[in-house]
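First residue of the first sequence? That's 919 in the numbering used here, and the numbers climb one at a time after it.
Just so it is clear, CB atoms sit at the ideal spot from N, CA and C, and this is done for glycine as well.
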Amino acid sequence: MPELPEVETIRQGLQAHVVGRTIAQAQVLHPRAVRRDPAGPAGFASALAGRTASRAERRGKYLWLTFDDDRALLAHLGMSGQMLVGDPGRPLSPHVRVRFTFLDGGPDLRFTDQRTFGQLMMCSLRGGDLPAPPANGGTARPPCPPGLGRPLPEPIAHIAPDPLEAAFDPAVFTARLTRRRTGVKRALLDQSLISGVGNIYADEALWRARLHWARPTETLRPGEVSRLLEAVRDVLTEALKAGGTSFDAMYVNVNGESGYFDRSLHAYGRAGEPCDRCGTPIRRDPFMNRSSYTCPRCQPRPRHPHP
DNA sequence: CGAAAGACCTGTGCGC
DNA sequence: TGCGCACAGGTCTTTC
């Protein structure tokens, strides 16, 4: 599943292979892929024809291409979304939802999404200081400006900063987290509190921080919160490092199910296998219509778990 | 505002 | 063989 590290890898791929090229045509092959775009499939397509992206940016699991008039193409990959760049003549797989061709006749871009939870939409950028134009039409600006208050797509104004961006404030996060009345894993998955973390990396971070998923947020001590935050940062950074080389060929397979981080997983999906720290079998619990994996010894259930 | 449940999707693997 | 069902799970919407 594409979480922050996978989405960042894709962003880098789009920056390298799509930014700076002029779109000839955007073909919507499945209307559900643009269901949130108020202009509909035809409006979406006509809004993109002839445009040239200036940057590829990301917050949490969202990524977007910016254009020079404060409009943006916003993308979320959902559960199974992929961005594929390759020979425009290759066969069209059945799950391609949107296809972009370019005036240069080079590699096309295909948004492919088996389970159709992902989506694309055109939107406006709001807030922050608008980006200065590139000095000489090149890549003068960093691809993902670290500054506070950078412009964000309007539809994701409610998405909190992710822990790898400069706008992330640990003090603000800590205050908001401990004010919650819920379990710590629910909080980690709440993208309006902290973004970029999904079920896999939530379990991994909790395992590293030795915290149980049902631990009530209001009982977390400052040291535990900083331990958790460090674990989240570490797990995301390491996964990014492990996957960061997968988007450099002409045929670019940028997907979230690559499993390149599988070998490094300590908890997720390891029910019954021995804990890498203490050897106790990892346990699987039902959680929010999915699963949580914990070491019953390293991550003891709290006395008063949040239901 | 915050918390929780339901809806949205489809391919895979399992038991019967 | 074939059928139903649990499972995978991120986000938006609705309800309280």
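Query                                                                                                                                                                           : Result
Give me, in chain order, the residues of the same chain whose beta-carbon lies closer than 8 Å to that of Pro1140; leave out the 5 immediate sequence neighbours on both sides. : Thr1092
Just list the residues that DSSP pairs His994 with in beta bridges.                                                                                                             : Tyr980 and Gln1037
Can you grab the Cα-Cα spacing for the pair Gln945 / Gly999, in whole Å?                                                                                                        : 17 Å
Since Pro1081 sits in a beta bridge, which residues does DSSP pair it with?                                                                                                     : None; Pro1081 has no bridge partner.
Once DSSP output is grouped into helix, strand and coil, what is the label at Asp987?                                                                                           : coil
If you run the structure through DSSP and keep just helix, strand and coil, what is Asp1203?                                                                                    : strand
List the whole-angstrom C-beta distance separating Gly1007 from Thr970, where the pair is believed to meet the contact cut-off of C-beta under 8 Å.                             : Incorrect: roughly 23 Å between the Cβ atoms, too far for contact.
My output table needs one value for Gly1174: the three-state DSSP class, helix, strand or coil.                                                                                 : Because Gly1174 sits at a pLDDT of 35, beneath the cut-off of 50, its placement in the model cannot be relied upon, and the point is left open.
Using 10 angstroms around the beta-carbon of Asp1087, count the other beta-carbons present and answer buried if the total reaches 16, otherwise exposed.                        : exposed
If distances are taken between C-alpha atoms only, which option among Gly1045, Ala960, Glu1156 and Ile1118 comes closest to Tyr1186?                                            : Ile1118
Assuming contact is defined by CB atoms lying nearer than 8 Å, are Arg1099 and Glu1142 in contact in what I supplied?                                                           : no
Nearest to Gly1024 by alpha carbon, out of His1013, Val1003 and Thr1030?                                                                                                        : Val1003
Distance, Cα to Cα, Ala1149 vs Leu1158?                                                                                                                                         : 14 Å
Taking just the CA atoms, how far does Pro1192 sit from Thr1198?                                                                                                                : 5 Å
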